[in-house]
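Just below is one structure, and these are the notes that go with it.
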Amino acid sequence: MTAPTPVRVRYAPSPTGDPHVGNIRMAIWSWLYARHTGGQFLVRIEDTDQTRLIPGAVERILESLNWLGLDWDEGPDIGGPYAPYFQSQRLEGYREAADRLVAQGNAYPCFCSSEELDALRSRQQAEKRPTGYEGKCRTIPPEEAARRAASGEPHVIRFATPREGSTTAHDLLRGAITVENATLDDFVILKSDGFPTYHLAHPVDDFAMQITHVTRGEEWIPSLPRHVLLFDALGYPRPVFVHGPVILAPGGGKLSKRHGATSVLEYADAGYLPDALLNFLCITGWGHGDETVFSRERLIEIFDIADVSLAPATFDTEKLNWLNGVYLRQMPLRELSEAIARRLERELPGDVPRPLDRVLVEAVTPLIQERIQTLAEVTPLVDFFWTGSVETPPAGEFLTKKWAGQGEAAGAALDAVAGAIEALDPFEAAPMEARLRALADEIGAKAGDLFTLVRLAVTGRKVSPPLFESMEIIGQEACAERLRSAAGVVRAG
Ligand code: GLU
């Protein structure tokens, strides 16, 4: 299908919290599609439900997009030819559209009170009938309704849904969707406070902003017939509708907090890279042959929204972790080391002076680049380079396997290593390893068993970045000191 040109798509979040990954995936797809076609991507804040607004949500939404590297051509912060991009500032347009629909006979004021509507609903439920407005105020003569509305009587505006026939809407991914009009009630388009419902704000704004493709989640499909009725009644050409499938939790069901992070900024915090998350979310529900790792440029080159798969995709955390590892390994050393430095500055104990010496961070980075999948693993793996002294683990941790019950021997071995270390010149990883392998032979221990003791003494942990490179960075004196203090601990144990 040839797309209308230029493609104009929008991301239209409600500022009710941090955007959920499912919602952001649709933003990613929309953005890619705009960039792929040379079109435009805009952000519109849907803040007409004043009761659900969360302070700071708009900033967090924009921050999420920024972090992912999704730029917008028009939006609440930068304006654009169709400003304003906050629905709460566009009330005039909705009022005009509603008035026009009333004048055309497509909508009418409804004066029913909420008590009346509640009673209607209870009756319908008791009689096991579908709930919905049955059109009581639709029969009020228009002049009388206009007079009552003008006199200030509280009212909403409802759409006069056709009673007969059916409505067919098209979804790019699903084809025709038809419903009998009799199943749709006369829904509210303008609330008594003058704010529109989503049903009205969506066609008015998407027409006004020249949106060519309405890309949104499949939770809007049930409302789609209402929307196309409104587009038609307002005389607006219908846009292309694309409803994306949901993302399922591992093991099925809705993805929720229970499964870990659900918002973009939580993933940022958890040590994921923007490119990796973008790649991952994009391929959750969309694919291109056997490829898994896609650069942003490659995605822009090949992504077509028509290729989105309708099969609900599962959020595969292992794949995300793996992809993140791939991106970490691909990162230029400078860039990764800067990301690691920022992470460490956030997480190291307060008494470690900031800013961290970038030369040291750049020395440590290559030792861990191949070993981590997320930046969250960094600090626990390398904090000992900065914390000055390490806390020597209790003797029991040293005295296992080969060294069980051998406190004396282990202490002597550690002292011997300290001596060998002090004599080394130059103090470098390769000669150090050679010397300590020879020393293991001399004392009749396996190299691995000796290195376990050394690692625990010098880094304070069983698993660390490569030992000799780490020791080179820690320095000759500090290593010898840690080895001797560990020797004391194991002897006493
Ligand atoms: N404000 C709606 C939401 O956040 C937007 C749906 C749409 O994209 O039209 O769900």
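For the sequence shown, the positions run 1 to 493 when the numbering used here is used.
The beta carbon of each residue, even a glycine, is placed where N, CA and C say it ideally should be.
- Under DSSP, Leu190 shares a beta bridge with Ile157, Pro196.
- Under the DSSP assignment, Thr215 falls in the beta strand (DSSP E) whose first and last residues are 213-217.
- Taking non-hydrogen atoms of the ligand GLU into account, the C-beta of Pro13 is found less than 6 Å away from one of them.
- Out of Gly475, Pro394, Leu234, Arg226, the CA that lies nearest to the CA of Val489 is found in Pro394.
- One alpha carbon belongs to His213, the other to Leu356, and they sit about 48 Å apart.
- Secondary structure at Asp304: coil, using DSSP grouped into helix, strand and coil.
- Val21 and Ala27 have their C-alpha atoms roughly 10 Å apart.
- Not a single heavy atom of the ligand GLU lies less than 6 Å from the C-beta of Arg343.
- Rounded to whole angstroms, Phe303 and His243 show a C-alpha spacing of 16 Å.
- A straight line joining the alpha-carbon of Phe385 with that of Glu408 spans about 28 Å.
- DSSP, read as helix, strand or coil, puts Val43 in strand.
- Secondary structure in the segment 251-276: the alpha helix (DSSP H) runs of 4 residues or longer, each lying completely within the stretch, are 264-269 in chain order.
- Taking 8 Å as the upper bound for CB-CB distance, Ala418 and Leu450 are not in contact here, some 12 Å apart.
- Ser114 sits in a helix when the DSSP states are folded into three classes.
- DSSP places Ser337 in the uninterrupted alpha helix (DSSP H) bounded by 333-347.
- Annotation: Asp185 to Leu200 spans about 15 Å, alpha carbon to alpha carbon.
- Relative to the ligand GLU, the beta carbon of Arg216 is positioned inside 6 Å of a heavy atom.
- In the DSSP assignment, the residues bridged to Val179 are Thr167.
- Sequence-distant Cβ neighbours of Val58 in its own chain, meaning closer than 7 Å and more than five residues away, are Pro15, Ile45, Pro76.
- The three-state reading of DSSP puts Glu74 in strand, counting E and B together.
- In the DSSP assignment, Val242 falls outside any alpha helix (DSSP H) and lies within the beta strand (DSSP E) extending over 240-244.
- Taking 6 Å as the cut-off, the C-beta of Glu74 does not count as close to any heavy atom of the ligand GLU.
- Between the C-alpha atoms of Pro332 and Gln369 there is a straight-line separation of about 10 Å.
- Glu46 has its Cβ nearer than 6 Å to a heavy atom of the ligand GLU.
- For the 7 Å CB-CB criterion, Leu172 and Val228 do not form a contact.
- By the Cβ rule, the segment 85-101 counts as touching the segment 176-196, because three or more pairs are nearer than 8 Å.
- Between Phe315 and Ile247, the gap from beta carbon to beta carbon is short of 7 Å.
- When the beta-carbon positions are compared, Ala486 and Ala457 come within less than 7 Å of each other.
- Nearest in C-alpha terms to Thr168, of all of Leu224, Gln124, Val326, is Leu224.
- Residue Thr161 holds the alpha-carbon nearest to the alpha-carbon of Glu180 among Glu144, Ala270, Thr161.
- The shortest C-alpha to C-alpha distance from Arg129 to any of Gly135, Leu120, Cys137 is the one to Leu120.
- Pro366 and Gln50 have their C-alpha atoms some 51 Å from each other.
- Taking all protein chains in view, the Cβ of Ser64 is crowded by 16 or more other Cβ atoms within 10 Å, so the residue is classified as buried.
- The segment 106-117 and the segment 142-160 touch, with three or more beta-carbon pairs separated by less than 8 Å.
- Unbroken alpha helix (DSSP H) runs of no fewer than 4 residues, entirely contained in the segment 370-439, are found at 378-382, 395-398, 407-423, following chain order.
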